[in-house]
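In our numbering, the protein residues as written are 162 to 307.
Shown next as structure tokens:
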């Protein structure tokens, strides 16, 4: 009879160890899921902020020389730089859009006569977030005429 008890105790100990291991695995999965959700929500928020950044940059670039000397312009310019720094601190990086067209990073919105497969113009900036493409750069690509 003592052998039966020892076997039963050993079996219960093994079940307990498996239950504890399952619990630790569950904790790990929940933590990873929470982290993924946080990253997703952050990415979605930044994606929604990009058009705001586009509009602000467009407004700054279209200002006249006289407007660029005004206090309000300098204030808006400073606010845009700070906005960009905040986004960069969250992992946002501008996608380089010069040189050779890369379909993984760029979206061709038009083609023009020019050096084949070279980016001629940036229509809209593209961005990576933590190493992943959040929005491809929209570009005009050169094509050789036959």
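Yeah, the Cβ is synthetic: ideal placement off N, Cα and C, and Gly gets one too.
How far does the beta strand (DSSP E) with residue i in it extend, from its first residue to its last?
i: residue 303; result: 298 to 304
i: residue 286; result: Residue 286 -> no beta strand (DSSP E), and no H or E assigned at all.
i: residue 268; result: 267 to 274
Is the beta carbon of residue j closer than 8 Å to that of residue i?
i: residue 303; j: residue 275; result: yes
i: residue 282; j: residue 300; result: yes
i: residue 241; j: residue 221; result: yes
i: residue 251; j: residue 207; result: yes
i: residue 253; j: residue 288; result: yes
Could you name each continuous alpha helix (DSSP H) segment of 4 residues or more that falls completely within the region 177 to 258, going from the start of the chain to the end? Taking 4 residues as the shortest admissible run, the region 177 to 258 contains the following complete alpha helix (DSSP H) segments, listed from N- to C-terminal end: 226 to 229, 232 to 250.
The region 225 to 238 contacting the region 264 to 283, beta-carbon criterion three pairs below 8 Å: In short, these stretches do not touch, since the Cβ pair count stays below three.
Is it true that the region 180 to 189 meets the region 207 to 216, where meeting means three or more beta-carbon pairs spaced less than 8 Å apart? Under the three-pair Cβ rule at 8 Å, the region 180 to 189 does not count as touching the region 207 to 216.
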